[in-house]
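Participant:
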Amino acid sequence: MTLGGTRATISARIAALMMAAVFLAGCVASSGDNPSPSASAANYTDSAEATPATRASAAATRPATTPATASTPVAAQPASLPAGEAAAVSALTAVSTPGSDGYRVGPLDVLNITVFKVEDLTKTVQVSESGSFAFPLVGDIQAAGRTVSEIEKDLAAKLGSNYLRNPQVTVLVKEYNSHRITVDGAVNKPGVFPMQGPMSLLQSIAMAGGMQEVAEGTILVFRRVDGKTAVAKFSVADLRSQKASDPDLQAGDIVTIPSSDLKIGMRYIFQSVPLFNAFMLL
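Residues -25 to -1, 1 to 257 (mature numbering (1 follows the signal peptide of the UniProt record, and there is no 0)) make up the sequence shown, in order.
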């Protein structure tokens, strides 16, 4: 190839890269002048049954039926529920939240059981798939669907009927393995994670290795409430600056981090900058 041909090729490449940079700068300016009305607020709406990816797409394009402020927690009732059911939703939240007094034990949870002054009856047990566990002297104890207080009373009654006088039984949940959340989208380690106790939205992102550079800056949370799917949208900037409270998650929640096509395009442009600078040196 002649020197003239080489210079013409270099000039064409430079021109193409400059045009791409100008186009992206215009897109950034345009998006800055027209911010999304829901970018800093949590908006709730119902969502049809679908995969997390399709639900996220639908949530991004479908208007929310009931807007809420950025400080509204995920556990707030969705637009589809009558106002009179707010108390029921609140109670449901307490029952399904690890660490709460109303938490009900589930299969695969691990329990620490202590009988005061009886070391041989201090045990760590795991609830079986069928929802029960075996305990010395009394046999199988049903645990799934019951609070730790109910399990304590059942154990004390059975031990006190034949073996001990006024036994003092303490039951604590060591691992909440029956309660899991899903984190997917633009995170470094997407997956399904057990809730080892109360977990906030930002804690779930940290558990998934943090957000990738191409993350859009919003978080979508999908939750089943009263047989329907509710969707909440949060601004990452508002959560980190504490303009919005960091809400607690519930078992079964799906956290999705959308990616930004604009950021993806800019990343590829930036990867070509060293080549562009090399051309400028010729």
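All residues carry an ideal CB built from backbone N, CA and C; glycine is no exception. Please read these numbers as outputs of a predicted model, since none were measured by experiment.
Leaving out five residues on either side along the sequence, give the residues of the same chain with a beta carbon under 7 Å from the beta carbon of residue 194.
Facilitator: Here residue 194 is taken as the residue at index 219 of the sequence shown, counted from 1. Within the same chain, residue 194 has close Cβ partners 176, 209, 211, 230 and 232.
Participant: So within the segment 169 to 222, which uninterrupted alpha helix (DSSP H) runs reach at least 4 residues, ignoring any that extend past its ends?
Facilitator: Listed in chain order, they are 176 to 182 and 211 to 215.
Participant: Could you name each continuous alpha helix (DSSP H) segment of 4 residues or more that falls completely within the segment 64 to 116, going from the start of the chain to the end?
Facilitator: Fully enclosed alpha helix (DSSP H) runs of 4 or longer: not present.
Participant: Going by CA-CA distance only, name the one from 213, 189 and 205 that's closest to residue 236.
Facilitator: Walking along the sequence shown from the start, residue 236 turns up at place 261. When each option's Cα is compared against that of residue 236, the closest is 189.
Participant: Confirm, please, whether the CB-CB distance from residue 173 to residue 82 is below 8 Å.
Facilitator: As a first step, residue 82 must be located in the sequence shown, where it is residue number 107. As a first step, residue 173 must be located in the sequence shown, where it is residue number 198. Taking 8 Å as the Cβ cut-off, residue 82 and residue 173 do not qualify as a contacting pair.
Participant: I need the straight-line Cα distance from residue 88 to residue 100, nearest angstrom please.
Facilitator: Residue numbering aside, residue 88 sits at position 113 when the sequence shown is read from its first letter. Residue numbering aside, residue 100 sits at position 125 when the sequence shown is read from its first letter. Cα to Cα, the separation comes out at about 8 Å.
Participant: Taking residue 135 as part of the beta strand (DSSP E), name the residues at either end of that continuous run.
Facilitator: Sequence index remark: in the sequence shown, residue 135 carries index 160 (1-based). That residue, residue 135, is in no beta strand (DSSP E); its alpha helix (DSSP H) goes 123 to 137.
Participant: Report the three-state DSSP secondary structure of residue 120 (helix, strand or coil).
Facilitator: Residue mapping note: residue 120 aligns to position 145 of the sequence shown, counting from 1. It is coil, neither helix nor strand.
Participant: State the Cα-Cα distance for the pair residue 145 and residue 92, rounded to the nearest angstrom.
Facilitator: To locate residue 145, count along the sequence shown from 1; it is residue 170. To locate residue 92, count along the sequence shown from 1; it is residue 117. One C-alpha to the other measures close to 12 Å.
Participant: If we count the other Cβ atoms within 10 Å of its Cβ and call it buried at 16 or more, is residue 109 buried or exposed?
Facilitator: Reading the sequence shown from its first residue, position 134 is the one you call residue 109. Looking at its Cβ environment, which holds fewer than 16 other Cβ atoms inside 10 Å, residue 109 is exposed.
Participant: Are residue 196 and residue 228 close, meaning C-beta to C-beta below 8 Å?
Facilitator: Working through the sequence shown from its first residue, we reach residue 196 at position 221. Working through the sequence shown from its first residue, we reach residue 228 at position 253. Against a cut-off of 8 Å, the Cβ pair of residue 228 and residue 196 comes out as a contact.
Participant: Since residue 164 contacts residue 184 with CB under 8 Å, what's their CB separation in whole angstroms?
Facilitator: Taking the sequence shown and counting its residues from 1, one reaches residue 164 at position 189. Taking the sequence shown and counting its residues from 1, one reaches residue 184 at position 209. That belief holds up - the Cβ atoms of residue 164 and residue 184 are roughly 4 Å apart, short of 8 Å.
Participant: Between which two residues does the beta strand (DSSP E) holding residue 155 run?
Facilitator: In the sequence shown, counting from the first residue as 1, residue 155 sits at position 180. That run of the beta strand (DSSP E) goes 155 to 160.
Participant: Taking the beta strand (DSSP E) that residue 149 falls in, what are its first and last residues?
Facilitator: One-based indexing of the sequence shown puts residue 149 at position 174. It spans 144 to 150 - the beta strand (DSSP E) in which residue 149 sits, taken as one unbroken run.
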